[in-house]
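See structure below.
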Amino acid sequence: MAFVFQFLSRWPLWLLHRLGTVCGWLVYVLSPGYRKRLQDHARQAGVHEADRRNAVAAAGRMVMELPRLWLGALVPVMWDGAHHIEQALAEQRGIIFLTPHLGSFEVTAQAYASRFGSSGAPMTVLYRPARQLWLRRIIEASRARPGLHTAPANLAGVKQLIKALRSGQCVGLLPDQVPPEGQGAWVPFFGRDAYTMTLAARLAQQTGARLVLAWGERLPAGAGYKVCVRPYELVLSLDLTEATAQINAAMEQVIRELPSQYLWGYARYKQPRRPDLAVGQESKKE
375 MAFVFQFLSR WPLWLLHRLG TVCGWLVYVL SPGYRKRLQD HARQAGVHEA DRRNAVAAAG
435 RMVMELPRLW LGALVPVMWD GAHHIEQALA EQRGIIFLTP HLGSFEVTAQ AYASRFGSSG
495 APMTVLYRPA RQLWLRRIIE ASRARPGLHT APANLAGVKQ LIKALRSGQC VGLLPDQVPP
555 EGQGAWVPFF GRDAYTMTLA ARLAQQTGAR LVLAWGERLP AGAGYKVCVR PYELVLSLDL
615 TEATAQINAA MEQVIRELPS QYLWGYARYK QPRRPDLAVG QESKKE
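Plus 374 on top of the position in the sequence shown (first one is 1) and you've got the numbering used here.
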């Protein structure tokens, strides 16, 4: 499989995205459970049929572009709102980037590292190692780049995030990812309660870091990506559950800007699994 990734990493984006469109629709047609989940979640959010259909293809494109993003040559990136990052960095309070499963969230961290990370404010992203050794090696190698650090999903990783923020650096989180049991709260997401990580809110409360919304829009015809940045302008509640609900509402606003590239097939409303790395329980001691 590593050879396949190496081979695909040399393909142009437009070809990878075309292949991804085919793969996305094949999975949609051949998997009744996935198809129903995507349809139910998109309807729950009031997404139009055209955007639902585009989201099917976008899911496949997200998978097929990974070899290029991880192993291939740099992809074209344009920015919308980069001045918000410059302003936040000038405050030296630390930045928490909140990125939903929208567009290419992989390219968002890479683009930040390339433009801002080398200036003394690297980004640290939380990750859970892949089970397959070959895939784990590829991912770790792809993220070992200037301006981009990784932190394991355990107590040591949470401490690493806190240290980075208190040093005026940045961290990147996917707040719409379902955390293990004990590490989240049940709060509304598009009108239905979803188990949501409290880590983003806890980090903001403990460090006073700025919250910034960011996502990577996939441009048509393989033209590259547009990294969009928006400040989070509301005052975050001191109540952890309310603060988590506020972050969910912010994610809804971002997703509504580009519903055709959100992973509606992600099992967002599933029951949380039991923790295997004890992030939630141990981090309460912080």
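Glycine included, each C-beta is placed from N, C-alpha and C at the ideal position.
(request) Given a cut-off of 7 Å, decide if R642 and E555 are closer than it, judged by their beta-carbon atoms. (result) If you number the sequence shown from 1, residue 555 lands on position 181. If you number the sequence shown from 1, residue 642 lands on position 268. For E555 and R642, no; Cβs fall outside 7 Å.
(message) Mapping the DSSP letters down to three states, classify F381 as helix, strand or coil.
(response) As a working mapping, residue 381 is identified with position 7 in the sequence shown. DSSP places F381 in helix when its eight states are reduced to three.
(message) On the criterion of 16 or more Cβ atoms from any shown chain inside 10 Å, does F381 qualify as buried, or is it exposed?
(response) In the sequence shown, counting from the first residue as 1, residue 381 sits at position 7. The residue in question, F381, is exposed, as its Cβ has fewer than 16 Cβ neighbours within 10 Å.
(request) Could you check if K659 is buried or exposed, using at least 16 other CB atoms within 10 Å of its CB as the buried criterion? (result) For the purposes of this step, residue 659 is identified with residue 285 of the sequence shown, where counting begins at 1. Reliability of the predicted coordinates at K659 is poor, the pLDDT of 40 falling under 50, and the value obtained from them is presented with this limitation in mind. It is exposed - the Cβ of K659 has fewer than 16 other Cβ atoms within 10 Å.
(message) Considering just the uninterrupted stretch of the beta strand (DSSP E) at V437, what are its terminal residues?
(response) In the sequence shown, counting from the first residue as 1, residue 437 sits at position 63. First-last for V437: 423-438, but that is the alpha helix (DSSP H), not the beta strand (DSSP E).
(message) Per the DSSP calculation, K533 is bridged to which residue(s)?
(response) In the sequence shown, residue 533 corresponds to position 159, counting from 1. Beta-bridge pairing links K533 to no other residue.
(request) Could you tell me the distance, in whole angstroms, from the CA atom of W638 to the CA atom of R489? (result) Within the sequence shown, residue 638 is the residue found at index 264, counting from 1. Within the sequence shown, residue 489 is the residue found at index 115, counting from 1. Each residue's Cα considered, the two are about 30 Å apart.
(request) Would you kindly work out how many angstroms separate the C-alpha atoms of L651 and A530, rounded to a whole number? (result) By 1-based counting over the sequence shown, the position of residue 651 is 277. By 1-based counting over the sequence shown, the position of residue 530 is 156. Unreliable placement is indicated for L651, whose pLDDT of 47 sits below 50; the coordinate value is still reported in the next sentence. Looking at the two C-alpha atoms, the distance is approximately 10 Å.
(request) Using the DSSP secondary-structure output, state which residues sit across from R566 in a beta bridge. (result) In the sequence shown, counting from the first residue as 1, residue 566 sits at position 192. For R566, which the question treats as bridged, DSSP gives the partners F563.
(message) Here's the rule: buried if 16 or more other CB atoms are within 10 angstroms of the residue's CB, otherwise exposed. What is D454?
(response) Walking along the sequence shown from the start, residue 454 turns up at place 80. That one is exposed.
(request) To the nearest angstrom, report how far apart R427 and A574 are at their CA atoms. (result) Taking the first residue of the sequence shown as 1, we reach residue 427 at position 53. Taking the first residue of the sequence shown as 1, we reach residue 574 at position 200. Their Cα atoms are separated by approximately 31 Å.
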